[in-house]
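Residue numbers (my numbering), protein chains in the order written: chain E, 362 to 476; chain U, 2 to 117.
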Amino acid sequence: AQSVSQHNHHVILSEAASLELGCNYSYGGTVNLFWYVQYPGQHLQLLLKYFSGDPLVKGIKGFEAEFIKSKFSFNLRKPSVQWSDTAEYFCAVTHSNNAGNMLTFGGGTRLMVKP
Amino acid sequence: DTGVSQNPRHKITKRGQNVTFRCDPISEHNRLYWYRQTLGQGPEFLTYFQNEAQLEKSRLLSDRFSAERPKGSFSTLEIQRTEQGDSAMYLCASSLRRDASTDTQYFGPGTRLTVL
Chain E
362 AQSVSQHNHH VILSEAASLE LGCNYSYGGT VNLFWYVQYP GQHLQLLLKY FSGDPLVKGI
422 KGFEAEFIKS KFSFNLRKPS VQWSDTAEYF CAVTHSNNAG NMLTFGGGTR LMVKP
Chain U
2 DTGVSQNPRH KITKRGQNVT FRCDPISEHN RLYWYRQTLG QGPEFLTYFQ NEAQLEKSRL
62 LSDRFSAERP KGSFSTLEIQ RTEQGDSAMY LCASSLRRDA STDTQYFGPG TRLTVL
């Protein structure tokens with residue numbers, strides 16, 4: 362069964378610091394990759410997604426992620442975080458052989474940005 | 002688009018009672034998914050529908066759980082004889098499936114279940 366690992370459970374940064382959240386998955390075939398964000402008191406929202414093509418994907422609010430197939434990774438980055446980026450971030454994967462396209466999520470990373 | 006909606010947002014029940022949750026997907030989305038999220042974990046897949054057909058169920062979905070999507074629009078998730086271990090956030094998501102390369106799931110706010 363596929364699995365997704367997010368290595369950092371809690372991250373604390375000051376505003377304007379750069380962010381990189383790690384995500385690794387276990388499936389060896391063709392994958393679709395997602396980052397979702399959950400702001401305090403809100404529901405899961407799609408931040409960005411990768412299906413094919415350019416492995417550097419740009420999402421909303423200045424976030425980007427890079428798919429590195431050889432490393433089974435899809436790390437999320439932002440050059441300069443803001444206090445409003447305080448949230449929980451989830452990496453999720455599905456694979457092309459999965460007809461149901463069910464998402465397998467990582468355990469999440471809680472980001473706190475200090476003003 | 003109005004987003005995915007779920008009702009109720011919170012449910013407190015006593016052990017042994019039955020509960021039912023409702024999910025209204027984004028209009029015209031043909032796929033509907035149920036996930037469960039416990040504290041400190043990512044969501045875990047429970048079941049999904051394509052239109053009215055329930056196509057897959059996770060092993061997490063015990064016999065006490067049943068889901069329906071009778072007309073291919075809204076869905077209900079019922080838990081019978083609730084147990085304290087059922088306490089969790091139940092999330093619904095929907096997507097418009099044309100092919101695997103475009104299938105993106107959008108999530109509702111969830112129903113938080115507390116079993117006393």
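We treat Cβ as the ideally placed atom computed from N, Cα and C, and that holds for glycine.
According to DSSP, residues forming a beta bridge with residue i
i	result
Ser445/E	Per DSSP, none; premise fails for Ser445/E.
Gln7/U	Cys24/U
Phe424/E	Beta-bridge pairing links Phe424/E to no other residue.
Leu92/U	Tyr36/U
Met463/E	DSSP lists no partner for Met463/E.
Gln399/E	Glu449/E
Gly437/E	Position check: residue 437/E holds Leu in this sequence, whereas Gly was assumed. Answer is Leu382/E, Ala426/E.
Where residue i falls: helix, strand or coil (DSSP)
i	result
Ser431/E	helix
Asp104/U	coil
Gln85/U	helix
Asn385/E	strand
Phe75/U	coil
Leu62/U	coil
Lys15/U	coil
Phe412/E	coil
His371/E	strand
Ser366/E	strand
Glu57/U	strand
Ser470/E	In the sequence under discussion, the amino acid at residue 470/E is Thr, which differs from the Ser named in the question. Strand.
Glu69/U	strand
His404/E	coil
Residue i to residue j span [Cα, whole Å]
i	j	result
Phe451/E	Trp396/E	6 angstroms
Gln7/U	Leu472/E	26 angstroms
Leu405/E	His371/E	18 angstroms
Asp87/U	Ser63/U	11 angstroms
Phe75/U	Thr112/U	15 angstroms
Leu437/E	Ser366/E	13 angstroms
Asp415/E	Ile13/U	47 angstroms
Phe108/U	Ser95/U	7 angstroms
Cys24/U	Leu374/E	36 angstroms
C-beta atoms of residue i and residue j nearer than 7 angstroms
i	j	result
Glu45/U	Arg37/U	yes
Leu464/E	Thr455/E	yes
Gly383/E	His368/E	yes
Val418/E	Leu407/E	no
Lys439/E	Leu380/E	yes
Gln399/E	Ala453/E	no
Cys93/U	Val5/U	yes
Arg65/U	Gln81/U	yes
Asn393/E	Ser434/E	no
Ala89/U	Thr39/U	yes
Gly461/E	Glu53/U	no
Checklist line | Whole runs of the beta strand (DSSP E) within the region 24-52 of chain U, excluding any shorter than 3 residues | finding: The qualifying runs are 32-38, 45-51.
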